[in-house]
Amino acid sequence: MTRSRVSLLSALALLLPLTPLALGGQASAAAPGPAAGRAVPPAPAPLAVVNPGFEQGAAGWRFTAGTGVATNYPHGASRLAYLDAGPAMKVSQTVTASGRGTYDISAWIATGGPNGRYVARVNGTVAAALTLPSATNYRRYTLSRITLAPGDTLEIAFESGDGWVNADDVMVSPASPADPRISSSDPKIVEMFDWSKRKANSWVHLPGTRGPLDVDENHTGGSGTGTYAASYWAGYANRSGYYSRDTAHQLAGAGVLALNAENRTMLRSFAASATPEHKYYPAWALNFDAKTYLSIDYRGPDNFVREVPATFELVQKAEEAYRWSGDRSYLDDPVLWNFYRHATDEFVTLHDGLKDNGAVKVAEGTGQGIFQGTASYNEQSGEPLAEAGDAIGSQYQAYLAMASLARAKGDRALADRAGAKARDLKAYFNSTWSGTGSGADMVRGYTTDGRALTGWGKENSWFMPMKQILDPGPRREAYLDYIDQQASGPGRPDNIEALTYLPDTFFRNDRSDTAWKWMKDVYDHKDIQHVNTKQGTNGDYPEVSFTLLGQTVEGLLGVAPDAPAHALSTLSRLPSGMDWLRIDDLRIGDSAFSLRHDGKTRSSLTHTSGTCAYTWEARFPGTYPTLKVDGVARPARTKVVDGVTYTYVTPLVAPGRTVTVEAG
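According to the working numbering, the sequence shown holds residues 229 to 892 in order.
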């Protein structure tokens with residue numbers, strides 16, 4: 229999708245003079261969205277900042293000598309706060325909390341020299357502070373997990389240093405329900421996870437905040453205001469909305485932070501938008517009110533951005549959100565349930581007609597661009613694609629998710645039909661659709677005139693093994709080699725958000741070292757300017773931090789949650805050189821856990837809080853006749869998952885208990 233950055237907070241300041249707010253974001257021109265059946269709007273935010281973008285001049289803020297409001301270098305819109313170089317200068321605001329909570333306070337800051345400070349004080353005592361580096365381009369800084377009681381005062385302050393300081397667009401976020409912590413023999417993963425956790429949480433909106441709707445880079449003032457729902461940024465921060473593609477990819481990281489309310493709200497809003505009028509496509513993006521369509525991407529029911537893989541990914545991610553949270557609304561809410569059914573049935577039928585696939589149905593794009601419906605996430609290829617590897621792979625996973633959700637709901641017939649569709653689609657893909665080639669000869673799509681496409685297709689290449697539609701074996705291994713070679717060389721995407729898929733691709737195909745290589749690559753480029761210079765640094769793109777969280781837990785630690793069944797499985801995917809890895813405060817449903825892997829042969833799980841015992845499927849690669857459970861050998865079972873054989877046992881881990889399983 230096309231994105232860039234402007235100040236949402238600054239736009240809000242223009243729209244709501246002297247109105248307290250607790251947020252920052254972006255939007256575009258007005259577009260109606262699905263309002264019927266929505267929940268009661270949330271209560272006003274319990275913590276509010278006046279004039280967060282300085283568009284009302286000095287209102288709400290205190291300025292010492294040598295400071296003020298300027299127009300020369302705003303982060304967005306037209307104004308900013310500045311501090312000259314030198315000692316003892318400050319721009320500050322003190323607000324009073326009306327409710328109890330823990331918060332993150334973020335701001336966009338640029339500096340002409342080091343040693344400026346960004347500080348939060350609670351009742352006059354420093355609660356969090358950052359010493360600012362020299363960085364003339366705006367970066368987003370966050371003071372994390374500041375706890376307030378009703379009546380507490382919070383001072384937000386920018387203090388001078390060795391060079392000028394510019395500050396803009398303050399935002400208040402609720403601290404995430406979970407506070408997961410990583411420890412390891414490898415300090416790199418500890419540093420990476422800690423940064424990702426803080427950065428991801430800084431994108432979460434405080435429900436009840438009044439904010440602008442339909443702000444974007446072309447409409448910085450927006451088209452009105454609304455009450456923001458539980459949600460987080462998924463897309464550019466110069467738009468007042470979240471995107472289906474980004475939401476799908478960020479959902480696992482949000483699950484690690486236990487942002488279950490946000491995941492449910494956002495998924496449901498997309499589900500509600502997938503109407504018959506839209507031919508069961510969900511809207512591409514919604515405003516943070518979770519009900520109006522973001523107008524830069526929506527011009528009308530026949531003219532809005534839509535990409536085939538997103539419809540299917542949202543079904544898959546709803547099933548994953550159900551497993552993380554245990555929330556039965558994923559089964560019982562008719563808006564969500566009808567979306568799953570339509571996406572895996574009528575949607576496919578309505579969008580299958582350009583290419584003859586025999587008895588198997590494959591959802592297609594038009595080959596005419598994103599506002600007419602495109603088959604692939606690769607918007608820049610210029611290829612008139614009817615069918616694409618990322619779409620067909622996502623369709624396969626949507627069928628599997630539908631089967632899983634139907635089983636959980638007790639609809640065996642629907643589960644069987646969806647399972648059969650998944651098997652038939654995968655068999656067709658491997659025998660016919662993608663041909664017999666491998667590497668550069670693998671088919672990754674078909675044009676509207678029926679030509680098979682091979683070579684490098686970015687998303688429509690790496691999604692095929694990532695979605696596990698490729699059969700295991702030499703053909704898949706050759707294609708994984710090809711993907712790594714292309715992404716490491718001439719085919720490397722320019723945009724960091726595309727690279728965030730590569731760890732997922734390699735973890736899911738048993739290539740831990742390569743996956744870890746790409747996690748480090750993404751993280752090591754976080755302070756580099758994004759290819760879209762208005763976006764800021766790569767690290768200020770929300771997808772980066774959220775995906776690194778998910779890849780640590782689902783990838784390196786191999787956690788697969790199943791909160792509805794009070795179960796989880798784990799598999800050590802530690803790369804070479806990482807001797808051990810541990811996570812604390814891992815939330816699954818209403819329980820919390822600590823998990824440690826030592827190499828690939830020893831795992832320990834502690835059920836630190838909860839009300840029900842969990843069944844732990846402790847997996848180890850390879851075949852062993854027995855596994856030791858707390859030092860006692862037990863008969864073990866084996867299973868083959870996507871071509872890899874695992875040995876496992878399933879001890880019951882009650883609250884307060886620690887269980888250790890060893891192989892070999």
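Backbone N, C-alpha and C fix where the C-beta goes; we use that ideal spot for every residue, glycine too. The structure displayed is predicted, hence computed values, not measured ones.
Beta-carbon proximity check, residue i vs residue j, cutoff 8 Å
i, j, result
"E725", "G673", "no"
"M420", "L776", "yes"
"T475", "Y509", "no"
"A502", "D390", "no"
"D722", "M694", "no"
"S800", "G827", "yes"
"T455", "G436", "yes"
"A949", "V563", "Because residue 949 is not part of the residues shown, which for the chain are 229 to 892, the question remains open."
"N365", "G764", "yes"
"V750", "V781", "no"
"Y624", "I697", "yes"
"T299", "S306", "yes"
"R473", "E383", "no"
"V576", "A587", "no"
"S412", "M747", "no"
"S459", "N429", "no"
"D813", "A482", "no"
"R367", "D768", "yes"
"A403", "R373", "yes"
"L613", "G593", "yes"
"L628", "A648", "no"
Burial state of residue i, where buried means 16 or more other Cβ atoms lie within 10 Å
i, result
"I811", "buried"
"I337", "buried"
"Y346", "buried"
"G265", "Low confidence applies to G265: its pLDDT is 42, below 50, so where it sits in the model is not reliable, and the reading given next is rough at best. The residue is exposed, with fewer than 16 neighbouring Cβ atoms inside 10 Å."
"P262", "At P262, the pLDDT of 42 sits below 50, so the modelled position is not reliable and the matter cannot be decided from this model."
"E184", "The first residue shown for the chain is 229 and the last is 892, placing residue 184 beyond what the model contains."
"A864", "buried"
"A250", "With a pLDDT of 34 at A250, under the threshold of 50, the modelled position of this residue cannot be trusted; read the value that follows with caution. The residue is buried, with at least 16 neighbouring Cβ atoms inside 10 Å."
"L880", "exposed"
"K867", "exposed"
"T873", "exposed"
"G304", "buried"
"Y301", "exposed"
"E897", "Nothing about residue 897 can be reported from this structure: the residues present for the chain run from 229 to 892 only."
"V889", "buried"
"R233", "Legend: pLDDT at R233 = 32, less than 50; position of this residue unreliable, no value from coordinates given."
"E541", "buried"
"T493", "buried"
"P803", "buried"
"P415", "exposed"
"R703", "buried"
Limits of the alpha helix (DSSP H) - the one that residue i falls within
i, result
"N488", "488 to 501"
"F848", "F848 -> not in any alpha helix (DSSP H); beta strand (DSSP E) instead, spanning 842 to 849."
"T322", "Element bounds for T322: not the alpha helix (DSSP H) but the beta strand (DSSP E), 318 to 324."
"D577", "Reading off the sequence shown, one finds Thr at residue 577, where the question assumed Asp. Taken as a continuous stretch (DSSP letters only), the alpha helix (DSSP H) holding T577 covers 574 to 578."
"G481", "472 to 484"
"G536", "Per the sequence presented here, residue 536 reads as Val, with Gly not at that position. 536 to 553 is the extent of the alpha helix (DSSP H) around V536."
"L727", "724 to 727"
According to DSSP, residues forming a beta bridge with residue i
i, result
"E615", "Y674"
"L360", "G344"
"S837", "A820"
"I337", "R367, A395"
"V869", "V872"
"K507", "BP columns for K507 are empty, so no partner."
"H825", "L809, S831"
"V590", "Beta-bridge pairing links V590 to no other residue."
"F291", "V319"
"G329", "L376"
First through last residue of the beta strand (DSSP E) which encompasses residue i
i, result
"L522", "No beta strand (DSSP E) holds L522; DSSP gives it neither H nor E."
"E890", "886 to 890"
"E387", "381 to 387"
"A571", "Premise fails: A571 lies in the alpha helix (DSSP H), 562 to 571, not in any beta strand (DSSP E)."
"L308", "308 to 311"
"L855", "854 to 857"
"T733", "Run containing T733: none in the beta strand (DSSP E); it sits in the alpha helix (DSSP H), 730 to 735."
"L514", "513 to 515"
Interface flag, residue i vs chain B, CB-CB below 8 Å
i, result
"R349", "Considering every chain present, this structure includes no chain B. It has just one protein chain."
Exercise for review: Can you check the region 389 to 466 for any alpha helix (DSSP H) of at least 4 residues that lies completely inside it and give the ranges in chain order?
Suggested key: Taken in chain order, the complete alpha helix (DSSP H) segments of 4 residues or longer contained in the region 389 to 466 are 415 to 429.
**Study point:** Length-filtered (4 minimum) alpha helix (DSSP H) runs lying within the region 645 to 721
**Key:** As far as the region 645 to 721 is concerned, its whole alpha helix (DSSP H) runs of at least 4 residues are 687 to 694, 702 to 716.
**Study point:** Runs of alpha helix (DSSP H) wholly within the region 750 to 798 (minimum 4 residues, chain order)
**Key:** Listed in chain order, the alpha helix (DSSP H) elements of length 4 or more contained wholly in the region 750 to 798 are 770 to 778.
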